[in-house]
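Numbering follows this note's numbering, with no gaps: position 43 of the sequence shown is 44. The beta carbon of each residue, even a glycine, is placed where N, CA and C say it ideally should be. Bear in mind the structure is a predicted one, so any value in this text is a computation, not a measurement. Written out below as structure tokens is the structure these notes cover.
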Amino acid sequence: MMDRIAALGRTGLDVIASLGRACQFLAGVVGGVPKPSVGFPLLVKQLYAVGVLSLAIVVVSGLFIGMVLGLQGYTILSDFGSEAAIGQMIALTLVRELAPVVAALLFAGRAGSALTAEIGLMKATEQLSSMEMMGVDPLRRVIAPRLWAGFISLPILAMIFAVVGVWGGMLVGVEWLGVYEGSYWGNMQASVVLAQSSNVPFVQY
2 MMDRIAALGR TGLDVIASLG RACQFLAGVV GGVPKPSVGF PLLVKQLYAV GVLSLAIVVV
62 SGLFIGMVLG LQGYTILSDF GSEAAIGQMI ALTLVRELAP VVAALLFAGR AGSALTAEIG
122 LMKATEQLSS MEMMGVDPLR RVIAPRLWAG FISLPILAMI FAVVGVWGGM LVGVEWLGVY
182 EGSYWGNMQA SVVLAQSSNV PFVQY
């Protein structure tokens, strides 16, 4: 009985220690911003690597998801004579739900895996140990620019995803299915309130 209690206690202490190390690592990365003369070029390089290079897959996915939403939404709403509300449905679905989630998944799949492989290779080839021997903090030099690049680029990618998706829905609803363009944009603008929708992506992230 005492052995089980001791094992349970050791497990709890190990979990707490792991959480503490993770929080310490995160605090070191978030607070470990290098000097502007060094950190800004690194940040720009990582913004290109994780943001710009992820733009193509985000745009293509947003376009086709918006087109699918437009087609399915028109099929459902036409049964109730509410085809004009297709713009409202597409905009709210993308801005509040799909754009942040799908953009984050695409970002994790493309940029996240690339960053993990890159840092893992640096660890395997002892580049991080070499930085420590030279007095360079790997958290500031390697991890922090990549983390901050993700913080900056991910909301922008989500906004681009939503914009392209709305345009893709308009392409299907207005150009192909004959929904009145004024109703599409008017209902969309009336339903999407910036104060109610601007914080949704950050909450979901």
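If you drop the 5 nearest sequence neighbours on each side, which residues of the same chain put their C-beta closer than 7 Å to that of residue i?
i, result
"residue 193", "92, 93, 96"
"residue 175", "182, 185"
"residue 59", "104, 107, 158, 161, 162"
Quick one: what does DSSP say residue i is sitting in, helix, strand or coil?
i, result
"residue 178", "coil"
"residue 4", "helix"
"residue 133", "helix"
"residue 173", "helix"
"residue 193", "coil"
"residue 138", "coil"
Using only the alpha-carbon positions, how far apart do residue i and residue j sit?
i, j, result
"residue 16", "residue 107", "30 Å"
"residue 203", "residue 160", "Note that residue 203 scores 47 on pLDDT, short of 50, meaning its location in the model is unreliable and no value can be drawn from it."
"residue 119", "residue 22", "22 Å"
"residue 185", "residue 69", "16 Å"
"residue 105", "residue 40", "25 Å"
"residue 189", "residue 116", "37 Å"
"residue 31", "residue 47", "15 Å"
"residue 14", "residue 54", "42 Å"
"residue 125", "residue 27", "22 Å"
"residue 24", "residue 148", "15 Å"
Take the Cβ of residue i as the centre, count every other Cβ of all protein chains shown within 10 Å, and call the residue buried at 16 or more, exposed below.
i, result
"residue 146", "buried"
"residue 141", "buried"
"residue 44", "buried"
"residue 209", "There is simply no residue 209 to check, as the chain begins at 2 and stops at 206 in what is shown."
"residue 57", "exposed"
"residue 74", "buried"
Please list, in chain order, all residues of the same chain as residue i whose beta carbon is under 6 Å from its beta carbon, the five residues on each side excluded.
i, result
"residue 155", "108"
"residue 163", "95, 96, 100"
"residue 129", "123, 139"
Among residues of its own chain, excluding the 5 on either side of residue i, which ones have a beta-carbon nearer than 8 Å to its beta-carbon?
i, result
"residue 191", "89"
Report the residue ranges of all alpha helix (DSSP H) runs contained in full by the segment 101–132; include only those spanning at least 4 residues, in chain order. 114–125
Can you list the alpha helix (DSSP H) stretches of 4 or more residues lying completely in the segment 36–104, in chain order? 37–51, 56–78, 87–94
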